[in-house]
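In the numbering used here, the protein residues as written are 2 to 375.
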RNA sequence: GGAGGGGUGGCAGAGCGGUCAAAUGCAACGGACUGUAAAUCCGUCGACUUCGGUCUACGAAAGUUCAAAUCUUUCCCCCUCCA
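1. Does the region 162 to 179 touch the region 136 to 148, meaning 3 or more C-beta pairs lie closer than 8 Å?
2. Hey, out of 267, 32 and 187, whose CA is closest to residue 237's CA?
3. With a 10 Å radius around its C-beta and 16 neighbouring C-beta atoms as the bar for buried, classify residue 108 as buried or exposed.
4. Are three or more beta carbon pairs between the region 3 to 22 and the region 66 to 73 nearer than 8 Å?
5. Where DSSP assigns a beta bridge to residue 266, which residues make up the other side?
6. Quick check: residue 211 and residue 141, are their CB atoms within less than 8 Å of each other?
7. Can you list, in chain order, the residues of its chain with a C-beta nearer than 6 Å to that of residue 296? Leave out the 5 residues immediately preceding and following it.
8. What whole-angstrom Cβ distance do residue 282 and residue 248 have, given they're in contact under 8 Å?
9. CB residue 344 to CB residue 50, shorter than 8 Å?
10. Comparing C-alpha positions only, which one of 370, 136 and 364 sits nearest to residue 347?
11. Heavy atom of the ligand SAH less than 7 Å from the Cβ of residue 89, yes or no?
12. Taking Cβ to Cβ, would you say residue 209 is nearer than 8 Å to residue 184?
13. Report yes if the C-beta distance between residue 274 and residue 333 is below 8 Å; otherwise report no.
14. For residue 360, is the classification buried or exposed, using 16 other Cβ atoms within 10 angstroms of its Cβ as the cut-off for buried?
15. For residue 5 and residue 325, I'd like the C-alpha separation in whole angstroms.
16. Taking a contact to mean a Cβ-Cβ separation below 8 Å, would you say residue 106 touches residue 112 in this structure?
17. What are the boundary residues of the beta strand (DSSP E) that residue 18 is part of?
Written as structure tokens, this is what we have:
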């Protein structure tokens, strides 16, 4: 087995697990900060590690353009290149098939991107994506897929999913098995149950080290997403990690863990850190808002990140208003730490058989809102 | 004392007879952000409003005109150069 996954405990549909990679163990449920271009924006890798993150996400498309997979390989792989010795999962470029719709041409063979950097043409196929992720030395390679846009008609979703399944086959065939490394297949099918089932069966038949649920959180809304998550994780092999791609808000993650998902990634904590939004137990806070101007309190009393330990809301507000990089750094740090505390809390709750209580408290505080704290 | 230039919304700065409650930028206020084309993007930003408008506004006052931020006169400030 290339990538060992151990389920330690279950609570309802939720699972507590350990994923063993060459670069270390990932405890699940896990949240992976996004480091698209070989960096978690505004964070030192050692700081990311200090938040408790055990695995990062990198991106095939972006690293292929700059600095190029060959260079990263020459520099000793992505871990060494970016000074992150823990596990790395790389997205295959599948999300860019959707997000860069205007800059790419799609065919059965693969995708041709016009680089968003300089317009140059770059071809990406399942085989090519596997080769790049191999050169990056990614612990978890993602199969190349097409992230189906939302909304999609049944026919569109079916056609898109079927191609992704053919690409999954090709990805699996091109992937080179190594100890401590693995490849995940990606389920598609939009919001259609029978398509999700077909996709799950196809992927199981091919056989992967883990299974991702793709094509969600693309505009359908939480209610629709949860409807899919009520059945989708259960369609995937029980003994392998399940990864919900690109999700999400804190309550998305809690809801998904309750429905049997083990892994997450999302730009939300990092991007929001750059756009003045901080996540807290009492819901999101926009630190730019005038109400924080003279607030001497820490953002979250119970948080142990540098922002909360050493600075007032008034100071962060001031930094943010002045467009200071420190505001971005501290908010990003706090947000990643918040996500890590959340997933650690979920893991502990499963371990201690008190997941329902944990969730009750989580939802109660989120509903209470930050204002109530004052 | 002489010559010239200028005073516009919180700030900077366009406009130079009607389409001007006044471009644009900044500031301010609020919102969005989900496998990162994002330290980004989107609103609001004189006052009231039954949301159709109404009123008060472009240094001050008086005029010309159907109509003035825009033209004329006087006054009050500011800046530059020369003595």
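All C-beta atoms, glycine included, are put in the ideal place defined by N, C-alpha and C.
On the basis of the supplied data:
1. These segments touch.
2. Residue 237 has its Cα closest to that of 187, out of 267, 32 and 187.
3. It is exposed - the Cβ of residue 108 has fewer than 16 other Cβ atoms within 10 Å.
4. Segments in contact, no.
5. Residue 266 is bridged by DSSP to 33.
6. Taking 8 Å as the cut-off, the beta carbon of residue 211 is found closer than this to the beta carbon of residue 141.
7. Counting only Cβ-Cβ distances below 6 Å, and skipping sequence neighbours, we find 314 and 315.
8. Between residue 282 and residue 248, the beta carbon gap of about 19 Å keeps them out of contact (Cβ cut-off 8 Å).
9. Taking the C-beta atoms as reference points, residue 50 is found no nearer than 8 Å to residue 344.
10. Distances from the alpha-carbon of residue 347 to those of 370, 136 and 364 put 364 closest.
11. Although the ligand SAH was asked about, the structure shown includes no ligands whatsoever.
12. Yes, Cβ-Cβ distance for residue 209 and residue 184 is below 8 Å.
13. Yes; because the gap between Cβ atoms is below 8 Å, this pair is in contact.
14. By the 10 Å Cβ count, residue 360 comes out buried.
15. Distance between the alpha carbons of residue 5 and residue 325: 44 Å.
16. Cβ distance < 8 Å, so residue 106 and residue 112 count as in contact.
17. Where residue 18 is concerned, the enclosing beta strand (DSSP E) starts and stops at 15 to 22.
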